[in-house]
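Residue numbers (the numbering used here), protein chains in the order written: chain A, 1 to 349; chain B, 1001 to 1349; chain C, 2001 to 2349. Just so you know, even glycine gets a beta-carbon here, dropped at the ideal spot from N, CA and C. This structure is a prediction, so every number in the text was calculated from the model and none was measured. Okay, structure first, notes after.
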């Protein structure tokens, strides 16, 4: 893929300073950009890097200094415009049709535009919408409904009877619809609680590589519209994850957790069962939520509490050696005073 | 699947109050149950929800209040009986035989009742017992022995030379028999320690989606009868996990760990190498075990210690600002006293 | 596999005491070794175990006591020599060629010595070097380059356009080249930041089961020569992991992290975005790195700091009840002193 700088400028409606005929073959960071790549500088703190670099062109703000000899593309929001340019270089997904080595059950219902990779397996009564891609080795179980324009990565597993909306991305190796983890102790053994529920994943959700979403014991485990989930995340049975939630890698939830819209979870954070986290709350990385988190709260720690409080406490802990020393010194001073006073009293008539 | 309420009542030997002809098509929670679903109420705290809900029937205790107009099934243990009713709605696994797109090595030995899904691969000298199901895309390596009535999920991987008992469930995406993580530094590089051992998984064990169990360096990594393991758990080489242990999601162990019978591990907990956890011990979620845990102990924290002590310490930490303030005030009071006393002494003859 | 003890002795150039004709069929631990197995004792603390065990032979140090009746192999470094003997018992990987049920795209370029398992899928323009093994069910995407003597485990996924050196091991279920986790909030939704970069894995790297390595947003996510990574590890986009690094299970990194050569990460540790860890640094298990770690530093804790300091602080926390008690007692003593002094002053003329 390659564009002239003029084409790039036109696409993002930027103002060009320099040579519009230069060929742009890719994007890169300010440090990494080579002579055929475009990059961006957020502000003039990066002036030195811009002038010393070898990038073919640099996207800069309107008020960025003039740099004769550099090809500049002036725009009002360099970071956002650069993201638009990045999108010019995305290789479109190939619609390759159904591979001859895919296995499609007779009772499966695939839109004629669906692509299925080699050694992928589509089970009976699966229903797959237009332009959806099922990559090689993926498994789509019985009674699974997948909407349009979805992408199911290589070797991902969608177990029976789950519902997936439109434009959903399930990355490679993710397993959706595993049984909730529930056992009852009966006399002398753990007895499995049947896991009869389902999973519902709404439009525009993205789920990362090797993540797991368990089916509900009864009812549904739900992930609502626009939520983005990173790799190796575990969503337990009967969770209700709101809209536009961000969940970073290795997060883990327990059963029956409720998450409000636009909440954000840092990597490796986790939450105990039956708790809820309010809208717009932010749970810091590696934090361990063991009580409800209010809407808008910013929490951190093991266990999680107001982030400010955790860091205040950490600061107090750091001063414990000094505090202990002070207390010890006071102990001596007290004894000294007591002695002095006793001596004084004994001297008085 | 559907039953008349009479049939359900008879199956669980409950006492019916109401219309036995109503059709029960599923189970659900008290909040979620629709007009064709049965639910349960553990006690009369849920009386309002029961009377305002639209469930087809409710399983209640013998002493639950009368509710004319509701279909009640009276039993002595509503929660347990409801689990029995849930089991009436479990779809039996289909025995579909060996799929034409499965790959079975000539030297593999499968009982004639075994089912193997499309694109599953069974290697040489694998031995698979009666009524076991190998789902689509799963891999069973050379010299693997699997007992009867097992379920191996889609895209699960059982590497060479491991032993699996009867009624074992390995969920989708789990990998059993990976090499233990062992390297020795030789002069200028990490040299791999050969991982020659095996994995033995006993009867009635369940292992969750995308979990890993590593083979032993020498000897076996062992998971004993009845132990239940959730998703994304990592069991390292040479672990010996006892019977009826419960291990929640994202738990991780290091090498040569020993776990006693019926121990319980909360989600995201972990344990350092060569440690042991005694029978019936409980390790709280996200706890980090860095020394042995005694039988029956209840531990929590990073690092893990008696749960009661961790929470006591957390409470003391929370009081540190007040404590520091007190010490500061005492400092002033002490100086004041010292001054007063010095003044007094200087005034005395 | 079996060797006479004479053959073993000759291979490791040890000095034999006992019967060189005894047959050695395997290796085992001192506790577990049976009558056809060889084991080792690091020093004479294990004398009792050696004399009471039933091992066919024991590798011991030059100065280990004489033990008539036991077959001893004397060497200068028993642990290292034993590892050499273990290597005698490693089953060589079978080169089975390309399985008839593998799916190889027409434009893929495989050396004629490559092995590909059943239901593995090799996409267009993939390039695979000599003696590399692709196990059953694995996926190799378009434009992936894999060097010589590599091993790609069952159901592992190598997404498009990544570069892998020689002698690299990617274990079962690992996914390499997933999209970095990056979204920008645009007005009313999370907008995906294109992930245009790649992954480069250098020679002699090993990556564990179900681990994930994400591709870079731009440029490459790099794992350098000789680094060893355990199971269920997550390496985020644009990480630069140095040479000979050791990363234990369930470690997780955020974006743009830099790790120096020979750094060591304990299991379940993690690190926030854009941070760096210096050469030879050691990050303890379950530690949470939220600021840069200097070369050679040894850190532990949540958050991570000098390990010594974390344990000092934990000790101070443990003494908080006593400290609080002391402060309370001082409070009383102060009040007592104040009263006494006031009384004294009031009595004075």
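Under 9 angstroms between the Cβ atoms of residue 1953 of chain C and residue 2072 of chain C?
One cannot answer for residue 1953 of chain C here, as it falls past the ends of chain C, which runs 2001 to 2349.
Just to confirm my understanding: we take residue 1193 of chain B, look at its own chain, exclude 5 residues before and 5 after, and list those with CB closer than 7 angstroms. What are they?
Residue mapping note: residue 1193 of chain B aligns to position 193 of the second chain, counting from 1. Result list for residue 1193 of chain B: 1182, 1183, 1184 and 1217, in chain order.
Could you tell me if residue 1339 of chain B is buried or exposed, where buried requires 16 or more neighbouring beta carbons within 10 angstroms of its beta carbon?
If you number the second chain from 1, residue 1339 of chain B lands on position 339. Burial call: exposed.
Could one say the Cβ of residue 16 of chain A lies closer than 9 angstroms to chain B's Cβ atoms, at least one of them?
Counting from one through the first chain, the residue named residue 16 of chain A turns up at place 16. No, residue 16 of chain A lies away from the interface with chain B (no Cβ there is under 9 angstroms from its Cβ).
Contact set for residue 19 of chain A: own chain, Cβ-Cβ below 6 angstroms, skip 5 residues either direction:
Position 19 of the first chain holds residue 19 of chain A. Counting only Cβ-Cβ distances below 6 angstroms, and skipping sequence neighbours, we find 71.
Beta carbon of residue 1166 of chain B, beta carbon of residue 1147 of chain B: below 9 angstroms?
To locate residue 1166 of chain B, count along the second chain from 1; it is residue 166. To locate residue 1147 of chain B, count along the second chain from 1; it is residue 147. Yes, these two residues count as a Cβ contact at 9 angstroms.
Host alpha helix (DSSP H) of residue 1214 of chain B (start-end)
Counting from 1 along the second chain, the entry for residue 1214 of chain B is found at position 214. Per DSSP, residue 1214 of chain B belongs to no alpha helix (DSSP H); it is in the beta strand (DSSP E), 1212-1214.
Would you say the beta carbon of residue 2034 of chain C is closer than 8 angstroms to some non-hydrogen atom of the ligand ADP?
Among the components of this structure there are no ligands whatsoever, and the ligand ADP is therefore not found.
Sequence-distant residues of its chain with Cβ nearer than 7 angstroms to residue 96 of chain A (five each side left out):
On the first chain, position 96 is the one that residue 96 of chain A refers to. So the qualifying residues of the chain are 115.
Comparing C-alpha positions only, which one of A/92, A/247, A/16 and A/9 sits nearest to residue 66 of chain A?
Taking the first residue of the first chain as 1, we reach residue 66 of chain A at position 66. Considering only alpha carbons, the answer is A/16.
For residue 2007 of chain C and residue 2044 of chain C, what's the separation of their Cα atoms in angstroms?
Counting from 1 along the third chain, the entry for residue 2007 of chain C is found at position 7. Counting from 1 along the third chain, the entry for residue 2044 of chain C is found at position 44. Roughly 25 angstroms between the two C-alpha positions.
Would you list the one or two residues that DSSP bridges to residue 2276 of chain C?
On the third chain, position 276 is the one that residue 2276 of chain C refers to. For residue 2276 of chain C, which the question treats as bridged, DSSP gives the partners C/2258.
According to DSSP, what are the bridge partners of residue 57 of chain A?
What you label residue 57 of chain A is simply residue 57 of the first chain in a count that begins at 1. DSSP output for residue 57 of chain A lists A/38 as bridge partner(s).
Give the residues of chain C in contact with residue 246 of chain A, contact being defined as C-beta atoms less than 8 angstroms apart.
Locating residue 246 of chain A in the first chain gives position 246, where the first residue counts as 1. Here the neighbours are 2183 and 2190.
Which residues of chain B have a Cβ atom closer than 8 angstroms to the Cβ of residue 330 of chain A, listed in chain order?
Taking the first residue of the first chain as 1, we reach residue 330 of chain A at position 330. Simply 1327, 1330, 1331 and 1334.
Distance between residue 2241 of chain C and residue 2227 of chain C (C-alpha atoms, nearest Å):
The sequence position of residue 2227 of chain C within the third chain is 227, counting from 1. The sequence position of residue 2241 of chain C within the third chain is 241, counting from 1. Rounded to the nearest whole angstrom, the C-alpha separation of residue 2227 of chain C and residue 2241 of chain C is 8 angstroms.
With 9 angstroms as the threshold, decide whether the Cβ of residue 2154 of chain C is near any Cβ in chain B.
If you number the third chain from 1, residue 2154 of chain C lands on position 154. It does; some Cβ of chain B falls within 9 angstroms.
What residues in the region 2110-2124 of chain C have a beta carbon less than 7 angstroms from any beta carbon of chain B?
2117, 2118 and 2119
Could you give the uninterrupted runs of the beta strand (DSSP E) lying entirely in the region 1088-1127 of chain B, keeping only those of 3 residues or more?
none
Start and end of the beta strand (DSSP E) containing residue 2192 of chain C?
Along the third chain, read from residue 1 onward, the residue named residue 2192 of chain C stands at position 192. Segment 2189-2192, the beta strand (DSSP E) holding residue 2192 of chain C.
What does residue 1340 of chain B reach in chain C if we use C-beta pairs closer than 8 angstroms?
As a first step, residue 1340 of chain B is located in the second chain; it is residue number 340 there, counting from the start. Those within 8 angstroms of residue 1340 of chain B in chain C are 2341 and 2345.
Cβ contact (3+ pairs, closer than 8 angstroms) linking the region 272-280 of chain A and the region 306-317 of chain A
no
Would you tell me roughly how many angstroms separate the C-alpha atoms of residue 2140 of chain C and residue 1179 of chain B, rounded to the nearest one?
As a first step, residue 2140 of chain C must be located in the third chain, where it is residue number 140. As a first step, residue 1179 of chain B must be located in the second chain, where it is residue number 179. So the alpha carbons of these two residues sit roughly 22 angstroms apart.
Taking residue 233 of chain A and residue 199 of chain A to be in contact with their CB atoms under 8 angstroms, please state how far apart those CB atoms are, rounded to whole angstroms.
Here residue 233 of chain A corresponds to residue number 233 of the first chain, with the count starting at 1. Here residue 199 of chain A corresponds to residue number 199 of the first chain, with the count starting at 1. With a Cβ gap of about 14 angstroms, residue 233 of chain A and residue 199 of chain A do not count as contacting.
At a Cβ threshold of 9 angstroms, is residue 2196 of chain C touching chain A?
Here the question's residue 2196 of chain C lines up with position 196 in the third chain. True, the Cβ-Cβ gap to chain A drops below 9 angstroms.
Count the other CB atoms, across all protein chains shown, that sit within 10 Å of the CB of residue 2289 of chain C; report buried if there are 16 or more and exposed otherwise.
The residue you call residue 2289 of chain C lines up with position 289 of the third chain. It counts as buried.
Presumed contact (8 angstroms Cβ cut-off) between residue 1129 of chain B and residue 1158 of chain B, rounded CB distance
Sequence index remark: in the second chain, residue 1129 of chain B carries index 129 (1-based). Sequence index remark: in the second chain, residue 1158 of chain B carries index 158 (1-based). About 14 angstroms separates the two Cβ atoms, so there is no contact after all.
Using the C-alpha atoms, what's the distance from residue 1118 of chain B back to residue 98 of chain A?
Translated into the one-based positions of the first chain, residue 98 of chain A becomes position 98. Translated into the one-based positions of the second chain, residue 1118 of chain B becomes position 118. The alpha-carbon atoms of residue 98 of chain A and residue 1118 of chain B are separated by roughly 16 angstroms.
Please say whether residue 39 of chain A and residue 27 of chain A have beta carbons closer to each other than 9 angstroms?
Indexing the first chain from 1 puts residue 27 of chain A at position 27. Indexing the first chain from 1 puts residue 39 of chain A at position 39. The answer is yes: Cβ separation under 9 angstroms.
Taking a Cβ distance cut-off of 7 angstroms, strictly less, list which residues of the region 2298-2328 of chain C are near chain A, in chain order.
For the region 2298-2328 of chain C, which is checked against every Cβ of chain A, the residues closer than 7 angstroms are 2302, 2313, 2316, 2317, 2323, 2326 and 2327.
Closer than 8 angstroms by C-beta to residue 109 of chain A: which residues in its own chain qualify, once you throw out the five before and the five after it? Chain order, please.
Looking up residue 109 of chain A in the first chain gives position 109. Counting only Cβ-Cβ distances below 8 angstroms, and skipping sequence neighbours, we find 125, 126, 127 and 128.
Which residues DSSP lists as bridging residue 1178 of chain B, in chain order
Position 178 of the second chain, counting from 1, holds the residue named residue 1178 of chain B. Looking at the DSSP assignment, residue 1178 of chain B forms a beta bridge with B/1214.
Which of helix, strand or coil DSSP assigns to residue 1228 of chain B
Counting from one through the second chain, the residue named residue 1228 of chain B turns up at place 228. Correct three-state label for residue 1228 of chain B: strand.
On the CB-based measure, 16 or more other CB atoms within 10 Å of its CB, does residue 1207 of chain B come out buried or exposed?
Indexing the second chain from 1 puts residue 1207 of chain B at position 207. When all chains shown are included, residue 1207 of chain B counts as buried.
Just how far apart, CA to CA, sit residue 1047 of chain B and residue 187 of chain A?
Reading the second chain from its first residue, position 47 is the one you call residue 1047 of chain B. Reading the first chain from its first residue, position 187 is the one you call residue 187 of chain A. Whole-angstrom Cα-Cα distance: 30 angstroms.
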